[in-house]
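Trainee: Numbering (this note's numbering), first residue to last: 1 to 678.
A virtual CB, placed ideally from N, CA and C, is assigned to each residue, including glycine.
Attaching a single structure in structure tokens format; questions to follow.
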């Protein structure tokens with residue numbers, strides 16, 4: 001199945017357990033979403049037709065029943081129960097699933113009768129539209145379609161069951177009903193039911209060691225008699241319950257139009273092929289608008305929120321590679337108070353502000369927006385000053401060598417931030433290599449922006465050169481790669497020996513010392529080659545880079561089981577797809593081939609989160625994707641890496657053409673001289 005703006009599955013996938021593994025997602029641009037599986041089975045507690053921006057599950061499902069002429073009733077829904085039963089098994093009637101322009105579409109066939117469903121969300125509002133259409137039937141035949149609304153109102157991370165009060169369902173003026181006064185569901189000919197569906201089972205939650213069982217409230221049914229091409233539509237929304245959204249069919253059409261407009265904008269920024277189209281729409285799912293009108297980034301669906309580190313790490317891919325320059329500038333401006341926040345409160349994040357500096361400089365370099373450069377330069381200098389003096393998180397520039405040190409990594413301040421009750425799984429007290437690569441890069445970025453704004457940059461350039469020299473000097477390990485930590489604290493690793501030490505454990509963090517625009521080790525080609533050889537031989541998998549080499553102490557090659565088991569493995573061997581971005585950039589800088597690096601990831605777009613890129617994969621073969629199936633950093637990394645590969649290919653072609661012209665000129669020169677002698 002080729003990935004792109006259109007993805008399709010036939011009955012072999014739709015009607016089997018394979019269809020339970022492929023997930024679709026539609027979003028509303030505010031943080032709300034609808035999501036589920038191709039086959040229709042709810043395998044996660046997060047699956048449903050309406051989830052609010054504050055992560056409450058509302059409308060869980062609309063179960064369709066088709067009554068044929070003669071009275072035979074066919075149930076098209078599919079549910080799994082705690083008993084192990086799958087009933088009904090409506091996916092056996094599914095003949096086709098399509099994801100086109102961001103809109104999922106199902107088609108069920110019962111003999112000559114074909115029913116279609118489409119799901120879309122109103123952009124800018126937490127509202128979902130579900131359209132059912134009779135697309136094929138014998139001439140003159142009508143069918144009765146009934147939809148049972150299965151409802152709840154709970155935190156998306158939890159469950160609700162019959163031990164609690166049933167949801168308060170009240171009839172709404174003009175049709176439909178409201179639930180707990182929190183959301184409204186509207187459709188034709190509503191008839192109340194009011195009963196629990198007991199012990200609905202979510203197999204993915206069981207696999208994650210969480211409670212997989214909940215009860216759902218059958219609020220009532222919507223129904224209509226359909227002739228050929230007629231529809232039964234249902235809308236559900238939160239917020240202002242009296243403000244009825246546009247007609248469901250209009251929402252579907254608007255969603256398609258908006259997707260095509262996004263693809264045209266991205267095409268002007270360089271996005272070209274089917275993979276790019278899928279990634280552009282995946283990026284759009286991650287970009288949201290907050291109530292105050294400022295853009296933001298959801299780190300991943302279905303359970304992550306917004307975090308500074310993830311937002312700024314993903315910035316280049318989400319905004320610059322897709323041509324969303326105006327939104328990106330507004331997002332950067334929204335963080336103008338970052339230096340003050342670093343001084344006043346704990347961010348729980350030691351490198352997010354450095355990624356912000358990187359994002360701002362890359363934006364200006366890409367767009368040539370000198371006005372934004374002048375506006376943000378004081379903010380970026382404030383970030384540098386905050387690190388120099390020390391942040392509330394305990395991150396400070398060491399006066400002895402100029403490197404950034406994490407004084408006490410008690411909460412997991414680096415991106416390797418998994419935490420158990422006893423503390424961080426991967427404590428990284430001391431001077432992490434990627435933090436100092438970002439630090440040198442930030443100094444270089446500020447220096448470049450000062451020059452761009454016509455200001456003297458000698459002091460900041462001098463400081464960067466000093467940090468750069470220290471990184472190369474202090475982090476060069478005898479093993480042929482870079483230390484992951486220098487001045488590491490005794491408790492950081494079992495082989496620490498009870499004294500402050502330098503840790504040569506092989507991790508991918510050192511890639512940033514070679515891949516960033518102002519990377520501190522960019523002028524060390526031999527060292528870069530050694531590092532890339534070590535990483536290529538031990539860390540690279542088809543779906544990202546392992547967070548720890550298999551031969552190292554504490555390596556975990558699988559990411560499954562309960563919370564403790566998964567968090568223990570999270571940064572101890574699990575492969576991260578976002579690291580493919582720095583890996584591609586480092587290889588390009590080294591003049592190494594990159595054309596096949598993303599082959600497996602591009603195929604992955606049709607495997608798990610459809611059209612998107614998973615957060616992580618297992619370190620051991622076959623490298624099963626896991627974590628959030630729709631990840632902002634992963635999507636952004638692949639978008640940016642593909643753009644870098646295209647630019648590199650173009651540069652190589654131009655260079656090759658220039659070399660060929662010089663060769664032709666040299667070959668022609670003797671002939672000219674011979675002709676002159678004649």
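Taking all protein chains shown into account, decide if residue 623 is buried (16 or more other Cβ within 10 angstroms of its Cβ) or exposed.
Mentor: Residue 623 is buried by the Cβ-count criterion.
Trainee: Assuming contact is defined by CB atoms lying nearer than 7 angstroms, are residue 218 and residue 201 in contact in what I supplied?
Mentor: Not closer than 7 angstroms, so no.
Trainee: Identify, in the order they occur along the chain, each residue of the same chain with its Cβ nearer than 6 angstroms to the Cβ of residue 315, setting aside the five sequence neighbours on each side.
Mentor: Cβ within range, chain order: 359.
Trainee: Name the DSSP beta bridge partners of residue 7, please?
Mentor: Per DSSP, 99.
Trainee: Please check the pair residue 571 and residue 418, which I expect to be a contact at CB under 8 angstroms, by giving their CB distance rounded to whole angstroms.
Mentor: The Cβ separation is near 6 angstroms, so the contact holds.
Trainee: Would you mind stating whether residue 612 and residue 100 have Cβ atoms separated by less than 7 angstroms?
Mentor: No; because the gap between Cβ atoms is not below 7 angstroms, this pair is not in contact.
Trainee: Going residue by residue through the region 5 to 65, where are the continuous beta strand (DSSP E) segments of at least 3 residues, counting only ones entirely within it?
Mentor: Runs found: 6 to 9, 23 to 27, 33 to 37, 48 to 51.
Trainee: Would you mind sorting residue 478 into buried or exposed? The rule is 16 or more other CB atoms within 10 Å of its CB.
Mentor: Result: exposed.
Trainee: Using 8 angstroms for Cβ pairs, my map puts residue 379 next to residue 336. What's the rounded Cβ distance?
Mentor: At roughly 5 angstroms, the Cβ-Cβ gap stays under 8 angstroms, so residue 379 and residue 336 are in contact.
Trainee: Would you report the Cα separation of residue 9 and residue 47, rounded to the nearest angstrom?
Mentor: Distance between the alpha carbons of residue 9 and residue 47 is about 20 angstroms.
Trainee: Which word fits residue 33, buried or exposed, when buried means at least 16 other C-beta atoms lie within 10 angstroms of its C-beta?
Mentor: So residue 33 counts as buried.
Trainee: Taking DSSP as the reference, what is the three-state secondary structure of residue 201?
Mentor: Of the three classes helix, strand and coil, the one that applies to residue 201 here is strand, per DSSP.
Trainee: Can you grab the Cα-Cα spacing for the pair residue 650 / residue 430, in whole Å?
Mentor: Whole-angstrom Cα-Cα distance: 41 angstroms.
Trainee: Considering only residues of the region 222 to 266, which uninterrupted alpha helix (DSSP H) runs meet the minimum length of 4 residues and lie entirely inside it, listed in chain order?
Mentor: For the region 222 to 266, not a single whole alpha helix (DSSP H) run of length 4 or above is found.
Trainee: Could you compute how far the alpha carbon of residue 53 sits from the alpha carbon of residue 234?
Mentor: Their Cα atoms are separated by approximately 20 angstroms.
Trainee: Report the three-state DSSP secondary structure of residue 378 (helix, strand or coil).
Mentor: If DSSP states are grouped into helix, strand and coil, residue 378 belongs with the helices.
Trainee: Do residue 581 and residue 641 have their C-beta atoms within less than 7 angstroms of each other?
Mentor: Cβ distance < 7 angstroms, so residue 581 and residue 641 count as in contact.
Trainee: What number of angstroms, rounded off, separates the C-alpha of residue 161 from the C-alpha of residue 40?
Mentor: The alpha-carbon atoms of residue 161 and residue 40 are separated by roughly 22 angstroms.
Trainee: Of the choices 353, 271, 57, 193, whose alpha-carbon is the least far from that of residue 321?
Mentor: For residue 321, the nearest C-alpha among the options comes from 271.
Trainee: Let me make sure I understand the geometry here. Which of 328, 178, 526 has the alpha-carbon closest to that of residue 480?
Mentor: With distances taken between Cα atoms, residue 480 lies closest to 526.
Trainee: Can you round the beta-carbon distance between residue 520 and residue 471 to whole angstroms, since I take them to be within the 8 angstroms contact cut?
Mentor: Residue 520 to residue 471, Cβ: 4 angstroms. Contact.
Trainee: Confirm, please, whether the CB-CB distance from residue 406 to residue 453 is below 7 angstroms.
Mentor: Going by C-beta atoms, residue 453 is not nearer than 7 angstroms to residue 406.
Trainee: Should residue 547 go down as buried or exposed, given a rule of 16 or more other Cβ atoms within 10 Å for buried?
Mentor: Buried, since its Cβ has 16 or more Cβ neighbours within 10 Å.
Trainee: With 16 other CB atoms within 10 Å as the buried threshold, where does residue 331 fall?
Mentor: Classification of residue 331: buried, given that the 10 Å Cβ count is 16 or more.
Trainee: Give me the Cα-Cα distance between residue 304 and residue 30, rounded to the nearest whole angstrom.
Mentor: The straight-line gap from Cα to Cα measures roughly 14 angstroms.
Trainee: From the DSSP secondary-structure annotation, give me the bridge partner or partners of residue 625.
Mentor: Answer by DSSP bridge pairing, in chain order: 617.
Trainee: Pull up the distance between the alpha-carbon of residue 590 and that of residue 524, whole angstroms please.
Mentor: In a straight line, the C-alpha of residue 590 is about 10 angstroms away from that of residue 524.
Trainee: Do you know offhand how far residue 689's Cα is from residue 280's?
Mentor: Outside the modelled stretch of the chain, which goes from 1 to 678, sits residue 689, for which no answer is possible.
Trainee: Within its chain, find whatever has a CB closer than 6 angstroms to the CB of residue 334; leave out the 5 residues flanking it on each side and keep chain order.
Mentor: Here the set comprises 294.
Trainee: Using CA atoms only, rank isn't needed, just tell me which of 89, 468, 356, 172 is closest to residue 329.
Mentor: Considering only alpha carbons, the answer is 356.
Trainee: Determine the direct distance from the alpha carbon of residue 43 to that of residue 492, and round the result to whole angstroms.
Mentor: Residue placement at residue 492 is poorly supported in this model, since its pLDDT is 48, which falls under 50; the coordinates still yield a value, given next. Residue 492 and residue 43: Cα-Cα distance of roughly 38 angstroms.
Trainee: By Cβ distance, which residues of its chain are closer than 6 angstroms to residue 607, with the 5 residues on each side in sequence left out?
Mentor: Nothing listed; no residue qualifies.
Trainee: Excluding the 5 residues flanking residue 133 on each side, which residues of the same chain have their C-beta closer than 6 angstroms to its C-beta?
Mentor: Correct list, in chain order: 116, 231.
Trainee: Hey, quick one: how far does the alpha helix (DSSP H) through residue 467 stretch, first residue to last?
Mentor: It spans 458 to 475 - the alpha helix (DSSP H) in which residue 467 sits, taken as one unbroken run.
Trainee: Between 354, 264, 393, 302, which lies nearest to residue 323 when the distance is taken from Cα to Cα?
Mentor: Looking at the Cα atoms, 264 is the closest of the given residues.
Trainee: Could you name the residues that DSSP lists as bridge partners for residue 292?
Mentor: Residue 292 pairs with nothing; no bridge assigned.
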